[in-house]
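Chemist: Right, I'll just put the structure down here and ask away after.
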Amino acid sequence: PMNSSPPMLVNRQTILSQTIDTPEALIEHLQLPEELIEPAREASKGFPLRVPMPYLQRIRKGDINDPLLRQVLPLGEELRQVPGFVTDPLAEMAANHRDGLIHKYKGRVLLVVTGACAINCRYCFRRHFPYEDNRLGPEQWVQVLDYIRNDKSIREVIFSGGDPLVSNDKRLQKMVSDLELI
89 PMNSSPPMLV NRQTILSQTI DTPEALIEHL QLPEELIEPA REASKGFPLR VPMPYLQRIR
149 KGDINDPLLR QVLPLGEELR QVPGFVTDPL AEMAANHRDG LIHKYKGRVL LVVTGACAIN
209 CRYCFRRHFP YEDNRLGPEQ WVQVLDYIRN DKSIREVIFS GGDPLVSNDK RLQKMVSDLE
269 LI
């Protein structure tokens, strides 16, 4: 028999508020070896652990090699010094012309809408990006809009960050509306 009740819709902000953010909780929930706790704790000091419950529920318990787990599990390997490693692999800092704006390519800018993500992927290439210096408050937003307005070559504006979809809908709608006026 068919279920006549409509599917329950859960808003993304609710999902994002229900996360695991400590190595102890992740390792306990997934029934992983306890010896992973200390290296995970150390690795997560510089780049926090963040795993929403819907994602966590897709990881196989007890499987240290589950690819979904490997994406989020902090490991001591992250703390190793590696020759040739740079903290800005895409050379975005040199193109960070305004707070919250990266203009690396002609005709295209990238807006750093937020520094937050739903999941903190351990391979994140922006884990060292200075998000705190790139907040798009009202004053910075006006400056970004002026920058875009004054560069007639800009044809593409990419929302990025972190994950722009962790921002609230009103903020995203305002940003889109303001950009449409240009």
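Residue numbers (the numbering used here): 89 to 270.
Idealized CB from N, CA, C, for every residue including glycine.
(1) Alpha carbon to alpha carbon, how far is A179 from L269?
(2) Have a look at G150 and F135 and give me their C-alpha separation to the nearest angstrom.
(3) Beta-carbon within less than 6 Å of K192's beta-carbon, same chain only, minus the 5 sequence neighbours each way: which residues are those?
(4) What do you reckon, are the CB atoms on I190 and L198 nearer than 8 Å?
(5) On a CA-only basis, which of E123, I236, L156 and E130 is nearest H185? Give me that one, please.
(6) Assign T102 to buried or exposed, taking buried as 16 or more other Cβ atoms, counted over all protein chains shown, within 10 Å of its Cβ.
(7) Find the nearest neighbour of R168 within the set P127, L224 and D221, judged by alpha-carbon distance.
(8) Would you report the Cα separation of V160 and T175, rounded to the nearest angstrom?
(9) Would you mind listing the alpha helix (DSSP H) stretches within the stretch 118-203 that are 4+ residues and don't spill past its ends, in chain order?
(10) Spatial neighbours of S132 within its chain, please: CB distance less than 7 Å, with the 5 preceding and 5 following residues excluded, ordered by chain position.
(11) Expressed to the nearest angstrom, what Euclidean distance is found between the alpha-carbon atoms of V170 and S265?
(12) In whole angstroms, give me the CA-to-CA distance for L114 and I242.
Modeler: Here's the rundown:
(1) Against the sequence shown, residue 179 aligns to sequence position 91. Against the sequence shown, residue 269 aligns to sequence position 181. One C-alpha to the other measures close to 30 Å.
(2) Locating residue 150 in the sequence shown gives position 62, where the first residue counts as 1. Locating residue 135 in the sequence shown gives position 47, where the first residue counts as 1. Taking the straight line joining both Cα atoms gives about 24 Å.
(3) Walking along the sequence shown from the start, residue 192 turns up at place 104. The residues are A183.
(4) Locating residue 190 in the sequence shown gives position 102, where the first residue counts as 1. Locating residue 198 in the sequence shown gives position 110, where the first residue counts as 1. A contact, by the Cβ cut-off of 8 Å.
(5) Taking the first residue of the sequence shown as 1, we reach residue 185 at position 97. Checked all of E123, I236, L156 and E130; the closest Cα to H185 is I236.
(6) Residue numbering aside, residue 102 sits at position 14 when the sequence shown is read from its first letter. Burial call: exposed.
(7) Counting from one through the sequence shown, the residue named residue 168 turns up at place 80. Out of P127, L224 and D221, P127 has the C-alpha closest to the C-alpha of R168.
(8) Translated into positions along the sequence shown, residue 160 becomes position 72. Translated into positions along the sequence shown, residue 175 becomes position 87. One C-alpha to the other measures close to 19 Å.
(9) 125-134, 141-144 and 155-160
(10) For the purposes of this step, residue 132 is identified with residue 44 of the sequence shown, where counting begins at 1. P111 and P162.
(11) For the purposes of this step, residue 170 is identified with residue 82 of the sequence shown, where counting begins at 1. For the purposes of this step, residue 265 is identified with residue 177 of the sequence shown, where counting begins at 1. So the two alpha carbons sit approximately 44 Å from each other.
(12) Looking up residue 114 in the sequence shown gives position 26. Looking up residue 242 in the sequence shown gives position 154. If you take the alpha carbons of L114 and I242, they lie about 43 Å apart.
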